[in-house]
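Asker:
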Amino acid sequence: MPQTLLLAEDDRAIRHALERALTLEGYQVTAVADGVEALAQAHKSPPDVLVLDVMMPGIDGLQVCRVLRAEGDRTPILMLTALVETADRIAGLDAGADDYVVKPFDVEEVFARLRALLRRTGSITGTASAAGTTGPGAPAPGVREPEPPAERLLTAAGLRMDPQARRAWRGGRELELTRTEFELLELLVRNAGIVLDHSTIYDRIWGYDFGPGSKNLAVYVGYLRRKLDEPGAPQLIHTVRGVGYVLRED
Numbered sequence: 004m005p006q007t008l009l010l011a012e013d014d015r016a017i018r019h020a021l022e023r024a025l026t027l028e029g030y031q032v033t034a035v036a037d038g039v040e041a042l043a044q045a046h047k048s049p050p051d052v053l054v055l056d057v058m059m060p061g062i063d064g065l066q067v068c069r070v071l072r073a074e075g076d077r078t079p080i081l082m083l084t085a086l087v088e089t090a091d092r093i094a095g096l097d098a099g100a101d102d103y104v105v106k107p108f109d110v111e112e113v114f115a116r117l118r119a120l121l122r123r124t125g126s127i128t129g130t131a132s133a134a135g136t137t138g139p140g141a142p143a144p145g146v147r148e149p150e151p152p153a154e155r156l157l158t159a160a161g162l163r164m165d166p167q168a169r170r171a172w173r174g175g176r177e178l179e180l181t182r183t184e185f186e187l188l189e190l191l192v193r194n195a196g197i198v199l200d201h202s203t204i205y206d207r208i209w210g211y212d213f214g215p216g217s218k219n220l221a222v223y224v225g226y227l228r229r230k231l232d233e234p235g236a237p238q239l240i241h242t243v244r245g246v247g248y249v250l251r252e253d
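To convert, count from 1 in the sequence shown and add 3; that's my numbering.
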């Protein structure tokens, strides 16, 4: 069965061009012109992946992303944006997006990022996500699940991770991580004390090396640090200038 894709883009020319290209690539595409239509369609028929333009009239892509994430929907989301500042990209990640492409873009880059997102998520889509936020057996709102057995946890540098439930803790604090943040942290934890170069991380997390000019990894590392770091506690993710990143507790 073809992967289903919901595309929301208010620019008619871009929307039609992307819809054609994605259809030829093998996706079953539903294309809409604004955020209101995107939410309605996502609720009516949850797709395998969403592609959202950030700047749309009325409800923009960031608001669509926030609404879906607040509802417990963990469908992978790729954002299209003409905003190139790091703060703007962080805003998209903060809203719950998994990745972004900056306009103007090469359609092959869109294809590559979609393949990476879908490869990492497998058949887990919509609200029936690996995070277990909804559905039968999910905890009631406001009720915290108990931690899993110790033998199921990955541990390093004061962090604990449960890959099966996609949960992570630093000390007694549970971390709220997006899909990409979790996978990046898991990679660092599994290789604690080892310096991972940029190309290795890109290949393992995105399945594609975007080249030395890409800021994608730096943005995600910065955002992950904001969630990990605590006042008075040692920094855990360290930059090895010109090489990559390492997880260790100094």
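For glycine and all other residues, C-beta sits at the position ideal for the given N, C-alpha and C.
1. May I have a chain-ordered list of the beta strand (DSSP E) segments no shorter than 3 residues that lie completely inside the stretch 51-127?
2. Beta-carbon within less than 7 angstroms of Ala41's beta-carbon, same chain only, minus the 5 sequence neighbours each way: which residues are those?
3. Taking the alpha-carbon positions, what's the Thr33 to Glu112 distance?
4. Would you call Pro79 buried or exposed, if buried means 16 or more other Cβ atoms sit within 10 Å of its Cβ?
5. With the cut-off set at 8 angstroms, would you say Ala171 and Ala195 are in Cβ contact?
6. Please name the residue, chosen from Arg173, Gln44, Glu179, Lys106, that lies closest to Leu96 on a Cα-to-Cα basis.
7. What is the DSSP secondary structure of Tyr248, counted as helix, strand or coil?
8. Along the chain, where does the beta strand (DSSP E) containing Thr242 start, and where does it finish?
9. Quick check on DSSP: helix, strand or coil for Ala45?
10. Whole-angstrom Cβ separation of Phe114 and Glu28, contact assumed at under 8 angstroms?
11. Measuring only the C-alpha atoms, how far is Val224 from Lys218?
12. Tell me which same chain residues have a C-beta within less than 6 angstroms of the C-beta of Glu186, skipping the five on either side of it?
13. By the DSSP assignment, the beta strand (DSSP E) with Val222 in it spans what residues?
14. Any idea what DSSP makes of Arg173, helix, strand or coil?
15. Tell me whether Gly138 is buried or exposed, calling it buried when 16 or more other Cβ atoms sit within 10 Å of its Cβ.
Answerer: In short:
1. Within the stretch 51-127, the complete beta strand (DSSP E) segments at least 3 residues long are 52-56, 80-84, 102-105, listed from N- to C-terminus.
2. Counted from its first residue, the sequence shown places residue 41 at position 38. So the qualifying residues of the chain are Leu9, Ala11, Val35, Leu55, Val67.
3. Reading the sequence shown from its first residue, position 30 is the one you call residue 33. Reading the sequence shown from its first residue, position 109 is the one you call residue 112. Distance from the CA of Thr33 to the CA of Glu112, rounded to the nearest whole angstrom, comes to 20 angstroms.
4. Stepping through the sequence shown from its first residue, residue 79 is reached at position 76. Buried is the call here.
5. Start at 1 with the first residue of the sequence shown, and residue 171 comes out as number 168. Start at 1 with the first residue of the sequence shown, and residue 195 comes out as number 192. The Cβ atoms of Ala171 and Ala195 lie no closer than 8 angstroms to each other.
6. Taking the sequence shown and counting its residues from 1, one reaches residue 96 at position 93. Nearest option by C-alpha distance: Glu179.
7. Sequence index remark: in the sequence shown, residue 248 carries index 245 (1-based). Reduced to three states, the DSSP call for Tyr248 is strand.
8. For the purposes of this step, residue 242 is taken as the residue at position 239 of the sequence shown. Here the beta strand (DSSP E) through Thr242 covers 240-243.
9. On the sequence shown, residue 45 is found 42 positions in, with the first residue counted as 1. DSSP places Ala45 in the helix class (H, G or I) of the three-state scheme.
10. As a first step, residue 114 must be located in the sequence shown, where it is residue number 111. As a first step, residue 28 must be located in the sequence shown, where it is residue number 25. So it is a contact: roughly 6 angstroms between Cβ atoms.
11. Reading the sequence shown from its first residue, position 221 is the one you call residue 224. Reading the sequence shown from its first residue, position 215 is the one you call residue 218. Their backbone Cα atoms lie some 10 angstroms apart in a straight line.
12. In the sequence shown, counting from the first residue as 1, residue 186 sits at position 183. Excluding residues up to 5 positions away in sequence, Ile208 lie with their Cβ nearer than 6 angstroms to the Cβ of Glu186 in the same chain.
13. Counting from one through the sequence shown, the residue named residue 222 turns up at place 219. Per DSSP, Val222 belongs to no beta strand (DSSP E); it is in the alpha helix (DSSP H), 219-231.
14. Residue mapping note: residue 173 aligns to position 170 of the sequence shown, counting from 1. For Arg173, the secondary structure class from DSSP, reduced to helix, strand or coil, is strand.
15. Locating residue 138 in the sequence shown gives position 135, counting from the first residue. For Gly138, the predicted model reports a pLDDT of 40, less than 50, meaning its position is unreliable and no value from the coordinates is stated.
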